[in-house]
Amino acid sequence: MHEEILVVDDEPQMLIAIQETLRRKGYGITTAGSGVEALCKLKEKFYHLVLTDMRMPEVSGLDLLKKIRSLLPQAPVVLITAYGTIQNAVDAMRHGAFDYLLKPFSSEALEGVVRRALDAGPQRNEKTSHTILTQDPGFSRTLQLAGQAALSEATVLIEAESGTGKELLARMLHQKSDRSKSAFVAVNCAALPENLLESELFGFEKGAFTGAVSSKPGKFELAHGGTLLLDEIGEMAPILQAKLLRVLQEKEVDRIGGRAPVPIDARIVATTNRDLRELVRSGNFRQDLYYRLNVVRLTIPPLRERRGDIPLLADFFCKKYGKYPSEAGVSLDPDTLDRLMAYSWPGNVRELENTVQRALALCPEEILRTQDLLLPNPPPAPSANGTKESVRGTGFSAGVTMREMERRLISRTLEDTGGNRTRAAKSLGISLRTLRNKLNEFGLQDRGFENRQAKSAHSHASL
Ligand SMILES: Nc1ncnc2c1ncn2[C@@H]1O[C@H](COP(=O)(O)OP(=O)(O)OP(=O)(O)O)[C@@H](O)[C@H]1O
Ligand SMILES: [Mg+2]
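Numbers in the working numbering are just positions in the sequence shown, counted from 1, shifted up by 509.
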């Protein structure tokens, strides 16, 4: 697929040079000679990336950036500036720029930043709140803990499988902190080779190495006063781990080729989808760094362990991506929900989000059908007393509230397990205690034989 880039600069020479470099790399380029022209072009067509000069008459690059954040919130923006003061850069990052490029720059530097911005995918809009939906008791407790941790300066380590919402949680920590007015800066430690990651994190001075045509502050400096997300920390090379540890201890960074250390003030949030303790044990992650990072540890359960979140999230994504912004929106037919509930979601919430989004694109009507999901075939039919079939015919349809759906699901699951609450809770992906609370809430207390047994035997302590 052609990736479309809008390049904005008031200097025609610059526009031509950038256009030529990027066209050679196979990108689709549109140019605009002013911020006003750029805004017109933005309304006509979709762009994957906007590259804009910072200093332009009338509408400056920063003004344009702010407008783009509301017009096209998902497109990454890279700013080009000749006035490479850290203040410009920090302002740009604070307003949601992906990165910036200092003039003069080499064609490699240009290609590099464009590639990284495109690979990073859709940007999240800092201004929108990052809703984390869940009804899972364990995850809810984690979120509560996160809310408290947000107010402290403690380093947070988020350990969870891929696609569970680690970045979302990191952003929530930032938003709820005293640092929310400053930048949230994310660095993916898995995406860059060691030397590039080093200069990305710590910055460099002009002439520090071939290609360092101007100085550049690192992400630590850009996150000054704000939050620095070290994504996929488990992938960091040992040498860099040592350097990172020193930075965290000294609270200052040395730019590559720099003479004096620069003080830093960034709150650190690190994420990993690997078991860091295991990496420590196998000698691939420094123990001292692990202890530094692991001040507050938050984990997010994988989606298959909180299946109750599946209808909730599916509904949310239907509304988010549906063509019909109306109240009713697109709904899931019972079989579709069945299939969503039965699937194991190795890619977690991200996979569910993609599945729903893709299905909506394929779905001609207002009902999402099972075949639109394009999920792999479900596992072989469960045994007679299994519960996989149980959701079928539960009567999920448009216009049913989440609460009602939940009540029916619980009641039907209990029927299928012959009233066995332990098995029902397991199948629903909730704790026995939660199931009991819900049964009370819905006035279904008398369902389930455990209860009956307990009553007759007068022996079971209730949970
Ligand atoms: N509980 C949730 N409620 C709403 N949206 C969610 C939730 N969890 C995840 N998402 C959405 O799922 C997608 C993946 O989340 P995110 O990028 O934060 O995951 P991640 O753990 O960082 O993934 P990866 O390990 O692949 O980097 C995002 O679009 C996010 O908004
Ligand atoms: Mg992530």
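Beta carbons: idealized from backbone N, C-alpha and C, even for Gly.
heavy atom of ligand 2 below 8 Å from residue i C-beta
i, result
"E676", "yes"
"T808", "no"
"D740", "yes"
"T736", "no"
"T780", "yes"
For residue i: DSSP bridge partner residues
i, result
"R801", "Its beta-bridge partners do not exist; DSSP assigns none."
"L611", "T590"
"Q739", "Per the sequence shown, residue 739 should be read as Leu rather than Gln. According to DSSP, which records beta bridges pairwise, L739 is partnered with V696, A779."
"P726", "G712"
"E668", "T781, T808"
"G542", "For G542, which the question treats as bridged, DSSP gives no partner whatsoever."
"V771", "V762"
"L877", "L841"
"G537", "E513"
Residue i beta carbon near ligand 1 (any heavy atom closer than 8 Å)
i, result
"V858", "yes"
"F951", "no"
"A823", "no"
"D572", "no"
"A669", "yes"
"L642", "yes"
"E862", "yes"
"D818", "yes"
"T590", "no"
"T651", "no"
"T621", "Checking the sequence shown, residue 621 turns out to be Gly, not Thr. No, ligand 1 has no heavy atom inside 8 Å of this Cβ."
"G672", "yes"
Cβ-heavy atom distance, residue i to ligand 4, below 8 Å
i, result
"R795", "The model depicted lacks ligand 4 and carries ligand 1 and ligand 2 instead."
Endpoints, alpha helix (DSSP H) assigned at residue i
i, result
"V858", "857 to 871"
"E527", "For the sequence presented, residue 527 should be read as Ile rather than Glu. Counting along the chain, the alpha helix (DSSP H) containing I527 begins and ends at 521 to 533."
"Q657", "646 to 659"
"H683", "675 to 684"
"G792", "Unbroken run through G792: none, as it is neither H nor E."
"G605", "Per DSSP, G605 belongs to no alpha helix (DSSP H) and is neither H nor E."
"R624", "616 to 628"
Continuous beta strand (DSSP E) stretch holding residue i: start and end
i, result
"E513", "513 to 517"
Secondary structure, alpha helix (DSSP H): runs of 4+ residues fully inside the stretch 816 to 855: Runs of the alpha helix (DSSP H) inside the stretch 816 to 855: 818 to 830, 843 to 851.
Counting only runs that start and end within the stretch 545 to 581, where is the beta strand (DSSP E) found for 3 or more residues in a row? Correct list: 558 to 562.
Can you list the alpha helix (DSSP H) stretches of 4 or more residues lying completely in the stretch 905 to 953, in chain order? Runs of alpha helix (DSSP H) with 4 or more residues, each lying fully within the stretch 905 to 953, are found at 911 to 925, 930 to 937, 941 to 950, listed in chain order.
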